[in-house]
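First the structure, in the form of structure tokens, and then the observations on it.
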Amino acid sequence: MGYRDLRSYMQALEQRGLLRRISTEVSVELEITEITDRVVKAGGPALLFENVRGYNMPVLTNAFATYRHMCLALQVESLDDIGRELMQYLRPPELPSSFLDKLKALPKLAQLASFLPKTVRQAPCQEVIIKDPPSLRHLPVLKCWPDDGGPFITLPLVFTKDPETGQRNVGMYRMQVFDDRTTGMHWHIHKDGAEHWRKAGDKIPVAVALGGDPAVIYAATAPLPPGIDEMLLAGFLRKEPVEMVRCITVDLEVPAHAEIILEGYVDRQETRLEGPFGDHTGYYSLADYYPVFHLTCVTQRRQPVYPATIVGRPIMEDAFLGKATERIFLPLARMVLPELVDMNMPPEGVFHNCVIVSIKKRYPGHARKVMHALWGMGLMMMAKLIIVVDENVNVQDLSEVMWRVFNNIDPERDLEITRGPLDALDHSSPLPHYGSKLGIDATRKWPAEGHTRPWPEDIVMSREIKELVDRKWREYGLE
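Given below as structure tokens:
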């Protein structure tokens, strides 16, 4: 079974030496960020700041700050295990071909249905209700970087409903605190939350969960298709339903075991200047106009923990959340592109700037077909650079990838330039949200692709000599 809440995950981290408590007094303004940045870049532990100046609430950062943290959070030995298990539900080893086979498949489908969220009447997240008036003043919201426009809530799980279908969406959108009762709502135009807002006639109810079990937090970041409930994914990851409770002042349900809930609404007609913000690109995203969240109620545990993430120049904590997405959704991408062998979205590319894939190449122009198929696949449309290599290349080894790219390409022949949507945080394009993209075909070239010269073979030592040296390694005195 999964973790019940954030604190049970924290306990698991601490038992394994992966969480450090800091009792020295610290400030929410820049100091926590500087400490966290140093620790995450050193591959260090999660941090619980127990003595935050001016607040009675501890702050948790770096909860997902290494590959090991991420595996522990989702309770697997390898993140690849999740994608393989998910495919057993979506594509069984043998598709049912007879009525009897279909009956045999029913228990698997019933098990998937058992992961659907369930509603409860009482919840830890509503132990304390702050309503008349509600306020954000008691929350230790961080100002992360010197030129940030203000303090930002950086790990919010933002719950909305489609005004037409009633389907739930959960996303993670930063929230700049303007005052005690209003924040920004950083909905990029491509995200489902922004689409719900555009559909709203007047006001759209919004609920924001801070904290929760790690599967719930991860699910809010996952690039699910519209209409697929993130809480179902969380239930699948934790192997039991997510318990949800109805909010006090808005018609939404939120995770019952969250630490803090912010209830409110976003007005369809209102925007306010938000930013700048030191973003996961490593640059400040520019100030711009975004919707405004109005607080109507705060509910929380009696002694809540405030969770935060720090983004900035890679590598940061979000790199490992992104790596989970890469590994979990690779098998799903193979349903559309079975020629895919592996994929790497390196942190330096901040997920939407570089995607490296290896393929089983079968025909001339195959790499270009894969590039355009990926650009047409959900949020992969944001990828500014796609590099395609042969199946024998280890895409997780950036040194090997660059060796292949630098040596294998003829620029005139192997570069594919097109135009399309870009992430809102891309600062290099002349226009916001739209610009050019580059595909690099670094695969071995065939005569049918215009390369009539012989293609050289990789330098590889003979197997016999490698085995000989393996046996005699200790004799050489090199151990």
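Residue numbering for the sequence shown follows my numbering, starting at 39 and increasing by one per position. Just so you know, even glycine gets a beta-carbon here, dropped at the ideal spot from N, CA and C. Given the structure is predicted, the values throughout are model-derived calculations rather than measurements.
**Study point:** Between the CA atoms of Ala480 and Ile447 - distance to the nearest angstrom
**Key:** On the sequence shown, residue 447 is found 409 positions in, with the first residue counted as 1. On the sequence shown, residue 480 is found 442 positions in, with the first residue counted as 1. About 6 Å.
**Study point:** Contact check, Ile397 vs Leu378, beta carbons under 8 Å
**Key:** Against the sequence shown, residue 397 aligns to sequence position 359. Against the sequence shown, residue 378 aligns to sequence position 340. Their beta carbons are under 8 Å apart, which means Ile397 touches Leu378 by this criterion.
Review point. Are there 16 or more other CB atoms within 10 angstroms of the CB of Ile266, so buried, or fewer, so exposed?
Key: The residue labelled residue 266 in the question sits at position 228 within the sequence shown. It counts as exposed.
Point to revise | Rounded C-alpha distance that separates Trp493 from Arg451 | key: Indexing the sequence shown from 1 puts residue 493 at position 455. Indexing the sequence shown from 1 puts residue 451 at position 413. About 15 Å.
Check your understanding: Where do the N-terminal and C-terminal ends of the alpha helix (DSSP H) with Pro374 fall, by residue?
Key -> Taking the sequence shown and counting its residues from 1, the one referred to as residue 374 is at position 336. Per the sequence presented here, residue 374 reads as Val, with Pro not at that position. Segment Asp356 to Val374, the alpha helix (DSSP H) holding Val374.
Point to revise | Own chain partners of Asp185 with C-beta closer than 8 Å, once the 5 adjacent residues on each side are dropped | key: The residue you call residue 185 lines up with position 147 of the sequence shown. Only residues of its own chain outside the window of five on either side were considered, and among them Pro314, Gly316 and Tyr322 have a CB closer than 8 Å to the CB of Asp185, listed in chain order.
Check your understanding: Buried or exposed: which applies to Ile503, given that a residue is buried once 16 or more other Cβ atoms fall within 10 Å of its Cβ?
Key -> Sequence index remark: in the sequence shown, residue 503 carries index 465 (1-based). So Ile503 ends up on the exposed side.
Review point. Thinking just about the alpha-carbon of each residue, which of Leu290, Gln434, Leu476 and Arg482 is nearest to the one in Asp200?
Key: As a working mapping, residue 200 is identified with position 162 in the sequence shown. Nearest C-alpha to Asp200 among Leu290, Gln434, Leu476 and Arg482: Leu290.
Check your understanding: Do the stretch 454-468 and the stretch 318-336 make contact, defined as three or more Cβ pairs closer than 8 Å?
Key -> yes
Exercise for review: Report back the beta-carbon spacing between Ala103 and Phe358 to the nearest angstrom; my notes put them in contact at under 8 Å.
Suggested key: Taking the sequence shown and counting its residues from 1, one reaches residue 103 at position 65. Taking the sequence shown and counting its residues from 1, one reaches residue 358 at position 320. Yes, they are in contact, since the Cβ atoms of Ala103 and Phe358 sit about 7 Å apart, within 8 Å.
Practice item. Return the bridge partner residues of Gly316 from the DSSP annotation. Key: Translated into the one-based positions of the sequence shown, residue 316 becomes position 278. Gly316 is bridged to Tyr322.
Check your understanding: Which word fits Lys169, buried or exposed, when buried means at least 16 other C-beta atoms lie within 10 angstroms of its C-beta?
Key -> Counted from its first residue, the sequence shown places residue 169 at position 131. By the neighbour-count rule (16 or more Cβ atoms within 10 Å), Lys169 is not buried but exposed.
Review point. Candidates Trp183, Pro263 and Gln49: which alpha carbon is nearest Val208's?
Key: Reading the sequence shown from its first residue, position 170 is the one you call residue 208. Closest option to Val208, Cα to Cα, is Pro263.
Check your understanding: With burial defined as no fewer than 16 other Cβ atoms inside 10 Å of the residue's Cβ, what is the status of Leu453: buried or exposed?
Key -> Reading the sequence shown from its first residue, position 415 is the one you call residue 453. With fewer than 16 other Cβ atoms within 10 Å, it is exposed.
Review point. What are the residues that DSSP puts in a beta bridge with Asp170?
Key: Your numbering for residue 170 matches position 132 in the sequence shown. Its beta-bridge partners do not exist; DSSP assigns none.
Check your understanding: Taking C-beta to C-beta, are Gly477 and Met420 nearer than 8 Å?
Key -> In the sequence shown, the residue the question calls residue 477 occupies position 439. In the sequence shown, the residue the question calls residue 420 occupies position 382. Against a cut-off of 8 Å, the Cβ pair of Met420 and Gly477 comes out as no contact.
Review point. Roughly how many angstroms lie between the CA atoms of Ala50 and Ile455, to the nearest whole one?
Key: Stepping through the sequence shown from its first residue, residue 50 is reached at position 12. Stepping through the sequence shown from its first residue, residue 455 is reached at position 417. Answer to the nearest angstrom: the Cα atoms are 47 Å apart.
Practice item. Count the other C-beta atoms from every protein chain shown that fall within 10 angstroms of the C-beta of Ile227, then say buried if there are 16 or more, exposed otherwise. Key: Here residue 227 is taken as the residue at index 189 of the sequence shown, counted from 1. That one is exposed.
Exercise for review: Count the other CB atoms, across all protein chains shown, that sit within 10 Å of the CB of Phe274; report buried if there are 16 or more and exposed otherwise.
Suggested key: Here residue 274 refers to the residue found at position 236 of the sequence shown. Per the 10 Å Cβ criterion, buried.
Check your understanding: If you draw a straight line from the C-alpha of Glu495 to the C-alpha of Val64, how long is it?
Key -> The count along the sequence shown starts at 1 and reaches residue 495 at position 457. The count along the sequence shown starts at 1 and reaches residue 64 at position 26. Taking the straight line from one Cα to the other gives about 58 Å.
Exercise for review: Determine the DSSP secondary structure at Tyr127, reduced to helix, strand or coil.
Suggested key: Along the sequence shown, read from residue 1 onward, the residue named residue 127 stands at position 89. Of the three classes helix, strand and coil, the one that applies to Tyr127 here is helix, per DSSP.
**Study point:** Close beta carbons around Pro279, own chain, < 8 Å, minus the five adjacent residues each side
**Key:** Start at 1 with the first residue of the sequence shown, and residue 279 comes out as number 241. If we look at Pro279 and ignore the five residues flanking it on each side, its Cβ neighbours are Ser152, Phe153, Leu154, Pro155, Lys156 and Gly273.
**Study point:** Every unbroken alpha helix (DSSP H) inside the stretch 190-253 [4 residues or more]
**Key:** 230-237
Check your understanding: Do the stretch 239-246 and the stretch 182-198 make contact, defined as three or more Cβ pairs closer than 8 Å?
Key -> yes
Review point. Got a sec, what are the start and stop residues for the alpha helix (DSSP H) Tyr105 sits in?
Key: Within the sequence shown, residue 105 is the residue found at index 67, counting from 1. From DSSP, the alpha helix (DSSP H) with Tyr105 extends over Tyr105 to Leu112.
**Study point:** In DSSP terms, what Arg284 is bridged to
**Key:** Walking along the sequence shown from the start, residue 284 turns up at place 246. Note: Arg284 sits in a beta bridge opposite Glu291.
Check your understanding: On the three-pair Cβ rule with 8 Å, is the stretch 326-346 touching the stretch 303-313?
Key -> Touching, yes.
Exercise for review: Look up Thr309 in the DSSP assignment and give the residues it is bridged to.
Suggested key: By 1-based counting over the sequence shown, the position of residue 309 is 271. Beta-bridge pairing links Thr309 to Pro329.
Exercise for review: Note down, in chain order, each residue of its chain lying with its Cβ closer than 8 Å to the Cβ of Ala325, except the 5 sequence neighbours on either side.
Suggested key: Translated into positions along the sequence shown, residue 325 becomes position 287. Closer than 8 Å at the Cβ level, and outside the excluded window around Ala325, lie Gly187, Leu311, Glu312, Gly313 and Pro314.
Review point. Candidates His471, Phe190 and Ala371: which alpha carbon is nearest Cys182's?
Key: One-based indexing of the sequence shown puts residue 182 at position 144. Of the listed residues, the one whose Cα sits closest to Cys182 is Phe190.
Check your understanding: If you check the beta carbons only, do Thr74 and Ile348 fall under 8 Å apart?
Key -> Residue numbering aside, residue 74 sits at position 36 when the sequence shown is read from its first letter. Residue numbering aside, residue 348 sits at position 310 when the sequence shown is read from its first letter. It is a contact, given that the beta carbons lie within the stated cut-off.
Point to revise | Pro345 - DSSP class collapsed to helix/strand/coil | key: Along the sequence shown, one-based indexing puts residue 345 at 307. Correct three-state label for Pro345: strand.
**Study point:** Residue closest to Leu86, alpha-carbon to alpha-carbon, out of Lys361, Pro470, Pro342 and Ile167
**Key:** As a first step, residue 86 is located in the sequence shown; it is residue number 48 there, counting from the start. In terms of CA proximity to Leu86, Pro342 leads the group Lys361, Pro470, Pro342 and Ile167.
Review point. So what's Ser396 in DSSP terms, helix, strand or just coil?
Key: Reading the sequence shown from its first residue, position 358 is the one you call residue 396. In the structure shown, Ser396 sits in a strand (DSSP, three-state: E or B).
Review point. Which first and last residues belong to the beta strand (DSSP E) in which Tyr21 is found?
Key: This structure leaves residue 21 out entirely; the chain is present only between 39 and 517.
Check your understanding: Apart from the five residues on each side of it in sequence, which residues of its chain come closer than 8 Å, Cβ to Cβ, to Tyr105?
Key -> By 1-based counting over the sequence shown, the position of residue 105 is 67. If we look at Tyr105 and ignore the five residues flanking it on each side, its Cβ neighbours are Leu117, Phe358 and Lys361.
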